[in-house]
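One line per chain: the protein sequences are A and B, in this order. Be aware that the first sequence starts at 1, since it is given in the working numbering, and climbs by one per residue. Be aware that the second sequence starts at 1, since it is given in the working numbering, and climbs by one per residue. See below for the structure under consideration.
Protein chains: 2
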Amino acid sequence: MRRIAFLLIVVATVAVVIASTALTAGQADEQAAPAFLTQIPAGYRDWKLISMAHEEGNLHSLGAVLGNDVAIRAYREGTIPFPDGTIIVALHYRNVPSEENNKIFGRAQSFVPGAPTNIQFEVKDSTKYAATGGWGFGHFQNGKPADAAFMKPCFPCHAQEKAHDLVFTRYAP
Amino acid sequence: MRRIAFLLIVVATVAVVIASTALTAGQADEQAAPAFLTQIPAGYRDWKLISMAHEEGNLHSLGAVLGNDVAIRAYREGTIPFPDGTIIVALHYRNVPSEENNKIFGRAQSFVPGAPTNIQFEVKDSTKYAATGGWGFGHFQNGKPADAAFMKPCFPCHAQEKAHDLVFTRYAP
């Protein structure tokens, strides 16, 4: 009987050790997980306008930057750093000439959003994304997130905008 | 007594005639009033994004086009003509290089909204603006409406976009 009890204790201890090891491994996995978004935050297309973004160089991009309510309040009140819960999204499109508008205007002056290129996010969560300045970065093409290698330059580049809490975009009045 | 009563009737009649003439004159004034906006619709900066607008030529303009709920619903459902109550606003800014962004990106590629230039509206009211295709046009600079002469080309130019109910901007997905 004592022998059985001893064996049970051994089995239980082993089970606890295995479970606790598994838990630690799980936590380690989570910590090692890429600090970027893998899912598109819901409802972003209904958010309010922060500003526009027009990139030339190799990009020829025309974009709009929207924010959720936390983001918009922070921008309007000039709150820096942005509070946890802030989400900023940039909707990017090709900057293409509008033949239709140009015909009416009588000259080549009008550019409009062409095909969508990508959607980028910055999500503020100072705990979850502590390793990247409190921001989780996201880049989605056809609804699919970019991989870890693609996302690697996001943080070091945004980190150069430290004075504006790693956010390039200013509010357009 | 009869004489006083008669005089009172005369006075009353004259008063009614004067009042009714004044009313008619007022109505005539209203009908002759320029069919464009003289007041900025409230709350427009909180409306949802329709698209962006980038104009070169002499304009060098970067803009965002927003819509009230009636406008957004019509755009998303593809409702043409737009229903009464639709309001579309274009927020225009100078398209200026961002020295700050370019320094970080290492090349001159980034343009952002500079000084605001004007805010333009299209308000759908098929009764009130029957003479201009059901649309009331608005152009505001520093909060002040443009005058009748300035507004005159709005309708004939927009009328060329008849297939899209006098609205140039398409919805950016």
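Quick reminder that beta carbons are idealized off the backbone N, C-alpha and C, glycines included. Remember, it's a predicted structure, so these values are computed and weren't measured experimentally.
For B:Pro81, the three-state secondary structure derived from DSSP is coil.
By the rule that beta-carbons nearer than 8 angstroms mark a contact, A:Leu62 touches chain B. Under the 8 angstroms criterion on CB atoms, B:Ile104 is classed as interfacial with respect to chain A. Annotation for B:Lys103: the continuous alpha helix (DSSP H) segment containing it runs Glu99 to Phe105.
The bridge partners DSSP lists for A:Ile87 are A:Val123.
Excluding residues up to 5 positions away in sequence, Ile87 lie with their Cβ nearer than 6 angstroms to the Cβ of B:Pro41 in the same chain. Non-local C-beta neighbours of A:Ile72 in its own chain, meaning closer than 8 angstroms and more than five positions away in sequence, comprise Trp47, Lys48 and Ile50, ordered along the chain. Three or more Cβ pairs closer than 8 angstroms define a contact, and the stretch 150-159 of chain A falls short of that threshold against the stretch 109-119 of chain A. Bridge pairing for B:Trp47: absent [DSSP]. Proximity of the stretch 82-96 of chain B to the stretch 119-128 of chain B meets the contact definition, three or more beta-carbon pairs being nearer than 8 angstroms. Short of 7 angstroms from the beta carbon of A:Ala35, and not among the five residues preceding or following it, lie these beta carbons of its own chain, in chain order: Tyr129, Ala131, Thr132 and Gly136.
Residue burial annotation: A:Thr38 is exposed, with fewer than 16 other C-beta atoms found within 10 angstroms of its C-beta. At least 8 angstroms separates the beta-carbon of A:Gly78 from that of B:Gln109. For A:Arg94, the pairing in a beta bridge is given by DSSP as A:Ser61. A residue is called buried once 16 or more other Cβ atoms fall within 10 Å of its Cβ, and B:Ala149, having fewer, is exposed. Rounded to the nearest whole angstrom, the CA to CA distance from A:His60 to B:Gly138 is 31 angstroms.
For B:Leu66, the nearest beta carbon of chain A is closer than 8 angstroms to its own beta carbon. Taken atom to atom, the span from the alpha-carbon of A:Arg94 to that of A:Phe111 is near 9 angstroms.
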